[in-house]
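Heads up: the sequence shown begins at 1 in UniProt numbering, then just goes up one per residue. Using N, Cα and C, we set each Cβ at its ideal position, and we do this for glycine too. This one's a predicted model, so the numbers in the text were calculated from it and none came from an experiment. Some notes on the structure that comes next.
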Amino acid sequence: MIMGTAVKEGGWKRLTVLVVYGIGLGSMSLVGILSPLTLRITADLQAPAAAIGLTIALFSLPAAIMAMVGGGIVDRIGPRRALGLAAPVLAVADTVVFLARDLWLLDVGVLLAGMGYVGVLNGGAAMLMGGLDGATRTKAMALWSTYAPVGFSLGLLVAAPFTTAADWRLAPALHGAFMLLCCVGTVFLPQVPPRKADGLPVRQQVARLFGALRRRDVLQLAVSAAMPSMISYGTSLVAATYLAKVHGVSLAASASIVAVAKIAAVLLGGTITGTLLARDFPPRILFTLMVGVGMVAQFLLFFPGSPLPLAVAGLMGWLFTFGALSGVCMAAMPLVAGPALGGGTVAGTVNQFVSLASFLTPTIYFASSAWGGYVAIALAGLAVALVALPGIVGARRRVVPAVPAP
């Protein structure tokens with residue numbers, strides 16, 4: 001009987017991780033789908049080619065504005081309800097994109113998807129922090145750190161068949177079907193009690209919502225998480241074009257290399273990180289080692305003298321590093337949250353910094369076309385991430401229970 005109960009509980013934990021990670025992948029896939037279809041979409045909608053850039057940027061706008069507030073809302077309504085609302089919003093966004101015959105309606109669909117993404121951004125982390133515990137939670141949080149780049153890359157692969165042959169609208173239709181499946185999956189998520197207002201006046205409720213901003217360790221963790229994310233996003237923006245130009249391969253081949261390398265290396269980095277942390281590998285030492293590996297990998301990727309195989313190895317090395325660094329930061333969230341802050345509040349604060357850094361990344365990276373500039377940005381960002389890592393992420397992993405609701 002005891003064994004049967006343990007197996008049952010273990011099965012529900014795996015299902016929770018599967019559903020939450022699936023919703024995370026879906027939340028980012030639409031951007032990956034639209035990116036390689038930009039020329040087809042603008043031609044179909046009879047819009048200027050440059051206009052699609054603003055359309056895709058609209059996806060990041062809600063998170064850049066309200067990621068932190070969204071985290072507080074998740075704590076108030078509970079992560080299960082947040083994900084239960086976000087998944088259908090993303091499905092509706094796919095429907096709007098599918099039906100769009102004018103650019104403004106496409107903009108509405110992408111903006112709607114960005115609003116759903118805010119719920120996933122904070123609700124996913126809060127669900128894993130509050131619904132799991134022990135080694136399972138550590139591994140799950142490390143895996144969760146990979147959903148954005150993996151989801152984007154899966155979107156690229158989904159869109160590939162529709163770049164030339166078939167109707168491009170079938171790609172968001174397939175994505176919408178997947179999000180409907182995720183809607184069904186939310187029924188099986190566990191209930192994580194929301195944080196209650198306990199009759200507090202509105203002013204004190206607002207102060208609680210922004211309480212994480214007064215916590216130095218939360219702000220440090222946010223910076224440590226934002227820097228690798230910024231470098232990863234910037235690398236993804238320029239890597240395909242850079243490799244094609246420097247090494248003389250087609251842009252299509254270069255883009256495929258980047259997509260496949262990202263999925264494989266980021267997943268591997270996040271998974272191995274979760275396993276190491278669950279086995280008490282010191283997280284600060286792991287973070288420091290990965291910062292060093294990341295610096296070398298960025299140099300190998302962008303140094304013009306690197307042959308193509310070595311440059312690709314550098315790309316995969318960097319993506320592995322990003323998965324590991326993000327995994328350490330995500331696994332540290334329960335440490336800094338503790339009983340004082342809700343998981344959604346901490347996730348929202350961290351994601352607010354990540355979103356703002358992502359919003360600034362295209363300007364920073366497109367301002368430099370020289371390989372030395374890319375490497376310098378990476379070296380500086382990684383150094384800042386290492387220095388900012390809060391002291392609570394110590395030489396030894398600390399075990400904390402599931403983040404409770406007060």
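Cβ pair residue i, residue j closer than 7 Å
i, j, result
"Ser355", "Ala64", "yes"
"Ala357", "Met230", "yes"
"Pro194", "Gly78", "yes"
"Leu277", "Thr163", "no"
"Gly327", "Gly270", "yes"
"Thr55", "Gly176", "no"
"Gly119", "Leu156", "no"
"Tyr374", "Phe287", "no"
"Pro149", "Val266", "yes"
"Leu121", "Leu45", "no"
"Ser29", "Leu154", "yes"
Reduced DSSP secondary structure (H/G/I, E/B, other) of residue i
i, result
"Pro390", "coil"
"Thr95", "helix"
"Gly22", "helix"
"Pro48", "coil"
"Trp144", "helix"
"Asp133", "coil"
"Gly305", "coil"
"Pro401", "In this prediction, Pro401 has a pLDDT of 42, which is less than 50 and means its spatial position is unreliable; what the coordinates show is noted afterwards. Residue state, collapsed to three classes: coil."
"Thr163", "coil"
"Arg81", "helix"
"Val202", "Per-residue confidence for Val202 stands at a pLDDT of 49, beneath the threshold of 50, marking its modelled position as unreliable; the derived number appears in the next sentence. In the structure shown, Val202 sits in a helix (DSSP, three-state: H, G or I)."
"Gln298", "helix"
"Ile2", "Per-residue confidence for Ile2 stands at a pLDDT of 37, beneath the threshold of 50, marking its modelled position as unreliable; the derived number appears in the next sentence. Reduced to three states, the DSSP call for Ile2 is helix."
"Asp75", "helix"
"Ser29", "helix"
"Gln191", "coil"
"Pro282", "coil"
"Val291", "helix"
Where residue i falls, given that 16 or more other Cβ within 10 Å makes a residue buried
i, result
"Val158", "buried"
"Arg81", "buried"
"Thr363", "exposed"
"Ala259", "buried"
"Leu90", "buried"
"Ala348", "Just to set this straight, residue 348 is Gly in the shown sequence, not Ala. Looking at its Cβ environment, which holds 16 or more other Cβ atoms inside 10 Å, Gly348 is buried."
"Trp144", "buried"
"Asp167", "exposed"
"Gly11", "exposed"
"Val296", "exposed"
"Leu39", "exposed"
"Leu289", "exposed"
"Arg215", "buried"
"Ser369", "exposed"
"Ile23", "buried"
"Val202", "The predicted model places Val202 with a pLDDT of 49, which falls under 50 and marks its position as unreliable, so this point remains unresolved."
"Ile285", "exposed"
"Gln352", "buried"
"Leu310", "exposed"
Identity of the residue in the options nearest residue i by Cα
i, options, result
"Val350", "Leu111, Gly26 and Met330", "Met330"
"Pro390", "Phe359, Met333 and Ala347", "Met333"
"Phe98", "Ala173, Pro62, Arg279 and Asp217", "Ala173"
"Val184", "Leu18, Phe359 and Ala383", "Leu18"
"Ala261", "Ala86, Gly323, Gly305 and Thr55", "Gly323"
"Leu315", "Thr235, Val120 and Ala86", "Thr235"
"Ala264", "Leu276, Val249 and Thr321", "Thr321"
"Met129", "Ser35, Ala142 and Ala313", "Ala142"
"Ala169", "Ala239, Tyr374 and Arg101", "Contrary to the premise, residue 169 reads as Arg rather than Ala in this sequence. Cα-wise, what sits closest to Arg169 is Arg101."
"Lys245", "Pro304, Leu268 and Phe281", "Pro304"
"Pro228", "Leu37, Trp371 and Thr361", "Thr361"
Cβ separation of residue i and residue j, assumed to be a contact under 8 Å, to the nearest whole Å
i, j, result
"Val291", "Leu386", "5 Å"
"Gly26", "Phe188", "About 16 Å; that fails the 8 Å criterion."
"Ala113", "Val74", "That belief does not hold up - the Cβ atoms of Ala113 and Val74 are roughly 18 Å apart, past 8 Å."
"Ala93", "Gly123", "16 Å between Cβ atoms; not a contact."
heavy atom of the ligand ATP below 6 Å from residue i C-beta
i, result
"Thr42", "Looking for the ligand ATP in the displayed structure turns up nothing, as the structure carries no ligands at all."
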